[in-house]
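Chemist: The structure that follows is given in the form of structure tokens.
In our numbering, the protein residues as written are -15 to 634.
Next up, the structure:
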């Protein structure tokens, strides 16, 4: 995700933000005024934003002062200008207690806000770092507008104030919310990382004027949807303003493709990812400890394979363990010079590419927009969204917010950086719920009856979709009872090899199964396809393909009917689209679509074969004898077999 969330509490946590976050993640000198510290750090002053500013006597874009931050976030949720309000009441003759109460926003709270961190995709902030001043202004403006759009969505659709006994009543704050935004330019490693901290106050007004607190759980639950909306908006703004396009890139086989600006070399992203390399090395050590951990009786503590949930937890631990200390901040002009020199000297990208990065990206965008049509078919998008959410969520159960987040990701994948019509994501979600989802809600509370908390599953038969692999079954051992958790002891580390030099068995990732699930359902829908939908199927699927699977247009348009060159059999070229346009009957069109879809599925499966092959190397032969606890031979847990159709086990 490119939007993170953290709770802000009054006390030491607020003091941490006031000492470091508001001055560019640097170290604020003692007894230095806030604005002076920000000027020394080379970062701009914080700015107020949100529709609730009018109720606090503030204006959008107004500078955030230290006293306002202290009152709103450090003094347990007081009015930003509580000092002035209290002084005016005392001057008018009010008592000290009454004057203090006049500066309060309802009850005092411990959790005073949440910190949203928004950062664009790496290729976007690389263009910002290496581009000229005009490019930097365009990207920062797009970054700000995307944050504003996310805040508006939170105010309209997410934020709720609970009141009544046990918070039984919920209401949207009609006057909106208030947030303070602070901009940073670099990561802890000193590499470029444009990002903003949005300190969102939890204080809001109910209808009638009473003050209450925003339910922070609702903000946490919708963080993924907020991140997807931000990614989609900032990429579309940047691409439209600078003439660019996005492309899906497979970073990890089996995982969701990452949308990046086309034409920006991935080696530059590697240049910025020193932290990623450190985290990966630490993660290998943690995985080794995980699969080889035993209790006092010599039994394995955990499963002998690393699940996605366990891997996610270990990634967070690795990130904390490898977190470097903060650096002294520098002015942006100096940082830009240092970044470009460092990239030229230490990255594998040519200097002329770095110096003309925007031109390379524009050339790649022109080629992509000539090859890929921006086709958003709501019916097909509903299939892909539902299939992905169904497979990616445990038990196949999900809420509306999961569909909304996936719909926004799908639009970013298909549109390739083009703007979309407002409300298109909601339209896809409505189509998915009405056509492919089954409401299985059994509400026991008032919240359970709300539309956002209704529980859904897919209407499809589980046997039609790729099977979810089960944990390996333990081999029989007549001398001892099997462990409580399924699985046999993990493979011992081969002699002479350190962690990271041997393969850790992992459960196959879920996203590749979700892609295949969508393909299966689309094949079923083909039997009821109406005239003209066949072309949409191919274009829709092609837009979601990584660039390495796309073939360029023929050089001579008069020879479009020539066969593709050898070695490009797994590429989907525009010849198929032209043939579909000229086809005489729906049957011919559907047959051609079937062939192209079959090749697409084969290409998608090929991309995850490496991950599965690594897991298969740890599969024990079916007729192998059970391994004794005192045996020094390396144990190899049995992996689930690949899915082979409707008769495959679940």
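Even for Gly, the Cβ is constructed at its ideal location relative to N, Cα and C.
To the nearest angstrom, how far is it from the Cα of residue 452 to the Cα of residue 123?
Modeler: Confidence in residue 452 is poor, its pLDDT being 44 and thus under 50, which makes the residue's placement unreliable; the coordinate value appears in the next sentence. Their Cα atoms are separated by approximately 41 Å.
Chemist: Can you name the start and end residues of the alpha helix (DSSP H) that residue 22 belongs to?
Modeler: 18 to 25 is the extent of the alpha helix (DSSP H) around residue 22.
Chemist: Between the stretch 205 to 222 and the stretch 56 to 74, are three or more C-beta pairs nearer than 8 Å?
Modeler: Touching, no, given that fewer than three Cβ pairs across the two stretches are closer than 8 Å.
Chemist: Following the continuous beta strand (DSSP E) through residue 58, name the residue where it begins and the one where it ends.
Modeler: Neither: residue 58 is in no beta strand (DSSP E) and is coded neither H nor E.
Chemist: Spatial neighbours of residue 485 within its chain, please: C-beta separation below 6 Å, excluding the five flanking residues on both sides.
Modeler: For residue 485, the pLDDT reaches just 45, beneath the cut-off of 50, and the residue's location in the model is therefore unreliable, although a value from the coordinates is still provided. Within the same chain, residue 485 has no close Cβ partners at all.
Chemist: From the DSSP secondary-structure annotation, give me the bridge partner or partners of residue 77.
Modeler: Partner(s): none; residue 77 has no beta bridge.
Chemist: Just to confirm the assignment, what range does the alpha helix (DSSP H) spanning residue 181 have?
Modeler: Note, residue 181: premise wrong, no alpha helix (DSSP H); beta strand (DSSP E) at 176 to 185.
Chemist: Considering residue 197, what are the terminal residues of the beta strand (DSSP E) in which it resides?
Modeler: Residue 197 -> beta strand (DSSP E) spans 195 to 197.
Chemist: Whole angstroms is fine: what's the gap from residue 548's alpha carbon to residue 294's?
Modeler: Because the pLDDT at residue 548 is just 41, under 50, the model does not fix this residue reliably, and the value given afterwards should be weighed accordingly. About 45 Å.
Chemist: Would DSSP call residue -9 helix, strand or coil?
Modeler: Residue -9: strand per DSSP, three-state reduction.
Chemist: Per DSSP, what kind of secondary structure is residue 256 in: helix, strand or coil?
Modeler: Helix, per DSSP.
Chemist: Name the two residues that bound the continuous alpha helix (DSSP H) containing residue 101.
Modeler: Element bounds for residue 101: not the alpha helix (DSSP H) but the beta strand (DSSP E), 95 to 102.
Chemist: Tell me which residue opens and which closes the beta strand (DSSP E) that residue 116 is part of.
Modeler: Here residue 116 belongs to no beta strand (DSSP E), and DSSP marks it neither H nor E.
Chemist: Leaving out five residues before and five after residue 369 in sequence, what residues of the same chain have Cβ atoms less than 8 Å from its Cβ?
Modeler: 387, 390, 391, 394, 412, 413 and 416, listed in sequence order.
Chemist: Quick check on DSSP: helix, strand or coil for residue 207?
Modeler: Reduced to three states, the DSSP call for residue 207 is helix.
Chemist: Count the other CB atoms within 10 Å of the CB of residue 320; is the residue buried (16 or more) or exposed (fewer)?
Modeler: Label assigned to residue 320: buried.
Chemist: Going by the DSSP bridge assignment, what does residue 166 pair with across the sheet?
Modeler: According to DSSP, which records beta bridges pairwise, residue 166 is partnered with 181.
Chemist: Enumerate in chain order the residues of its own chain whose CB-to-CB distance from residue 299 is below 8 Å, with the five nearest sequence positions on each side excluded.
Modeler: Answer for residue 299: 263 and 267, listed in chain order.
Chemist: Quick check: the Cα distance between residue -12 and residue 3, rounded to an integer number of angstroms?
Modeler: Distance between the alpha carbons of residue -12 and residue 3 is about 20 Å.
Chemist: Relative to the C-alpha of residue 30, which residue among 134, 296 and 179 is closest?
Modeler: Considering only alpha carbons, the answer is 179.
Chemist: Give the DSSP-derived three-state secondary structure of residue 32 in the structure shown.
Modeler: Three-state result, residue 32: strand.
Chemist: Look at the Cβ atom of residue 196, then the Cβ atom of residue 138, and state whether they are nearer than 8 Å.
Modeler: The answer is no: Cβ separation not under 8 Å.
Chemist: Compare the Cα-Cα distances from residue 364 to each of 420, 339 and 317 and report the closest residue.
Modeler: With distances taken between Cα atoms, residue 364 lies closest to 420.
Chemist: Between the C-alpha atoms of residue -7 and residue 183, what's the straight-line distance to the nearest angstrom?
Modeler: About 11 Å.
Chemist: Compute the minimum distance between the beta carbon of residue 66 and the heavy atoms of the ligand MG, and state whether it is under 7 Å.
Modeler: Among the ligands in the structure shown, none appear at all, so the ligand MG cannot be discussed.
Chemist: Decide if the stretch 87 to 104 is in contact with the stretch 16 to 26; the criterion is three or more beta carbon pairs, one per stretch, under 8 Å apart.
Modeler: At 8 Å Cβ cutoff, the stretches do not touch.
Chemist: With DSSP collapsed to three states, give me the class of residue 233.
Modeler: Here residue 233 sits in strand by DSSP.
Chemist: With DSSP as the reference, label residue 399 as helix, strand or coil.
Modeler: Three-state result, residue 399: helix.
Chemist: Could you tell me whether the Cβ atoms of residue 135 and residue 34 are closer together than 8 Å?
Modeler: Yes.
Chemist: In the DSSP assignment, find the unbroken alpha helix (DSSP H) run with residue 293 in it and report its ends.
Modeler: Residues 292 to 305.
Chemist: What does a CB cutoff of less than 7 Å around residue 235 pick up in its chain, not counting 5 residues either side in sequence?
Modeler: Only 242 meet the Cβ criterion.
Chemist: Could you compute how far the alpha carbon of residue 205 sits from the alpha carbon of residue 84?
Modeler: Roughly 35 Å separates the two Cα atoms.
Chemist: Spatial neighbours of residue 168 within its chain, please: CB distance less than 6 Å, with the 5 preceding and 5 following residues excluded, ordered by chain position.
Modeler: Contacts found: 8, 9 and 179.
Chemist: Which residues share a DSSP beta bridge with residue 421?
Modeler: Answer is 442.
Chemist: Would you mind reading off the limits of the beta strand (DSSP E) that contains residue 244?
Modeler: Looking at the DSSP string, the run of the beta strand (DSSP E) that includes residue 244 is 242 to 245.
Chemist: By alpha-carbon positions, which one of 442, 444, 443 and 424 ends up nearest to residue 435?
Modeler: Nearest of 442, 444, 443 and 424 to residue 435, Cα basis: 424.
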